[in-house]
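The block underneath contains the structure these notes are about, expressed in C-alpha cells.
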C-alpha cells in the first residue's frame with residue numbers, strides 16, 4: 001500500500017488526540033503517539049516525529065506553547081488542544097502531580113484573587129517515610145531554620161505567551177496521597193489538605209494574610225476532624241498543628257473544638273512564616289507571627 005502524508009490521515013489523528021484523556025502534550029508524549037500510530041495512519045517512512053509536530057501546529061490541531069525554565073533558560077514545548085486549560089498544561093508536565101497551594105485555593109474558591117501562577121506538587125521518586133520519632137527536634141534548630149528565607153523550588157517555568165508561571169514543588173514521602181482527589185482528569189488537594197498545605201508553605205499560597213482569608217472563607221464548610229486525621233497520617237516532624245490552631249482561632253472557628261483537637265503536645269515555639277524581622281508572639285499556640293498580623 002502506498003504510504004500517505006499526514007494530511008490524508010488528519011481526521012484519524014484528530015480522532016485519536018481529541019478522544020484521549022490528555023488535553024496537552026509534551027514532545028515525549030507526541031513522539032510516543034507517532035511511533036505507536038504511524039503504521040495505522042499509513043505515514044510515509046521518511047516522516048519523523050518532528051514532521052508530525054509541525055503538521056499538528058500548521059493544521060491548528062494543537063497549539064505550540066513555549067515555557068522558559070526560570071533557572072536554566074531552557075525551553076520546554078507543550079502542545080495543547082483548543083480547549084485546554086492552564087491546569088492541563090501543568091499536569092501534563094508532571095503527570096503524577098496534583099494541583100496544590102494557591103491553585104487549590106482557587107479551585108476551592110478560597111481566594112478572591114486570580115493567580116497568574118499554577119502550583120503542582122509531586123512526590124519524590126522511591127522516597128520512604130521518615131519516622132519523626134527517630135529525629136530529636138530542638139528549639140535551636142527550629143529557630144535557625146525559620147530565621148532564613150523559605151527555600152523555594154527551582155523548578156519553575158514562565159509562558160512566553162502570557163507570562164503565566166508554573167511552579168513544581170517536590171514533596172517528601174506522602175502516605176497514600178493523603179487528601180488528594182481527582183475530578184475531570186484533574187488531581188488536586190481537597191479542602192482539608194489544602195488548608196494544611198497553605199499553612200505550611202504560605203509563600204506558595206499568596207502569603208500569610210491570604211492564608212488567613214482562606215481559613216475564614218472555609219470556616220463553615222471544612223471538616224476540622226478530617227484535618228486532624230490527615231495530620232496524623234502525614235506525621236510531620238514539625239508541630240504544624242500549632243499553625244492550624246492559630247489560624248483557626250484568628251478566623252473565628254469554634255474554640256472548644258479547636259482546643260480539643262489541636263491544643264496538645266505544644267512543646268516548642270514555632271513560626272507562622274520564615275524570615276520575620278518584626279514579630280509578635282501568641283502564648284496560647286506558641287507561635288511567632290508578623291507584627292500587625
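Numbering (full-length UniProt numbering), first residue to last: 1 to 293. Ideal placement from N, C-alpha and C gives every residue a C-beta, glycine not left out. These numbers were taken from a predicted model, which means no experiment stands behind them.
Tell me residue i's beta-bridge partners as DSSP assigns them.
| i | result |
| --- | --- |
| residue 69 | 157 |
| residue 290 | 279 |
| residue 256 | Answer by DSSP bridge pairing: none, since residue 256 is not bridged. |
| residue 181 | 188 |
| residue 170 | 122 |
| residue 64 | 79 |
| residue 270 | 287 |
| residue 99 | 120, 188 |
| residue 165 | 117, 158 |
Quick one: grab the DSSP three-state call for residue i.
| i | result |
| --- | --- |
| residue 77 | strand |
| residue 44 | coil |
| residue 25 | strand |
| residue 323 | There is no way to answer for residue 323, as the model of the chain reaches only from 1 to 293. |
| residue 117 | strand |
| residue 143 | helix |
| residue 197 | helix |
| residue 108 | coil |
| residue 8 | helix |
| residue 137 | coil |
| residue 57 | helix |
| residue 14 | helix |
| residue 35 | helix |
| residue 251 | coil |
| residue 214 | helix |
| residue 265 | coil |
| residue 90 | helix |
| residue 203 | helix |
| residue 20 | coil |
Measure the C-alpha to C-alpha separation of residue i and residue j and round it to an integer number of angstroms.
| i | j | result |
| --- | --- | --- |
| residue 149 | residue 55 | 47 Å |
| residue 377 | residue 65 | Past the boundaries of the shown model lies residue 377; the chain is included only from 1 to 293, so the question cannot be answered. |
| residue 224 | residue 20 | 38 Å |
| residue 38 | residue 46 | 11 Å |
| residue 57 | residue 109 | 35 Å |
| residue 85 | residue 185 | 12 Å |
| residue 159 | residue 88 | 14 Å |
| residue 235 | residue 26 | 35 Å |
| residue 155 | residue 199 | 21 Å |
| residue 166 | residue 118 | 5 Å |
| residue 32 | residue 17 | 12 Å |
| residue 69 | residue 92 | 16 Å |
| residue 163 | residue 73 | 14 Å |
| residue 77 | residue 11 | 24 Å |
| residue 248 | residue 226 | 14 Å |
| residue 266 | residue 243 | 11 Å |
| residue 280 | residue 90 | 38 Å |
| residue 269 | residue 96 | 36 Å |
| residue 210 | residue 278 | 19 Å |
| residue 136 | residue 142 | 11 Å |
| residue 24 | residue 36 | 18 Å |
| residue 283 | residue 233 | 27 Å |
By Cβ distance, which residues of its chain are closer than 6 Å to residue i, with the 5 residues on each side in sequence left out?
| i | result |
| --- | --- |
| residue 188 | 98, 99, 104, 107 |
| residue 206 | 102 |
| residue 34 | 49, 52 |
| residue 271 | 146, 288 |
| residue 94 | 120, 122, 168 |
| residue 208 | 202, 272, 273 |
| residue 217 | 110 |
In chain order, what residues of the same chain have a beta carbon less than 7 Å from the beta carbon of residue i, not counting five sequence neighbours either side?
| i | result |
| --- | --- |
| residue 245 | 258, 262, 263, 285 |
| residue 222 | 191, 192, 195 |
| residue 140 | none |
| residue 230 | 178, 179, 192, 193, 196 |
| residue 250 | 212 |
| residue 61 | 13, 14, 17 |
| residue 219 | 251, 252, 253 |
| residue 215 | 195, 247, 248, 251 |
| residue 276 | 288, 290 |
Going along the chain, which residues of its own chain have a beta-carbon closer than 8 Å to the beta-carbon of residue i, five neighbours each way excluded?
| i | result |
| --- | --- |
| residue 8 | 42 |
| residue 181 | 187, 188, 189, 190 |
| residue 153 | 167, 168, 169, 170 |
### Query
Quick one: complete alpha helix (DSSP H) runs, 4+ long, within the stretch 222-247?
224-234
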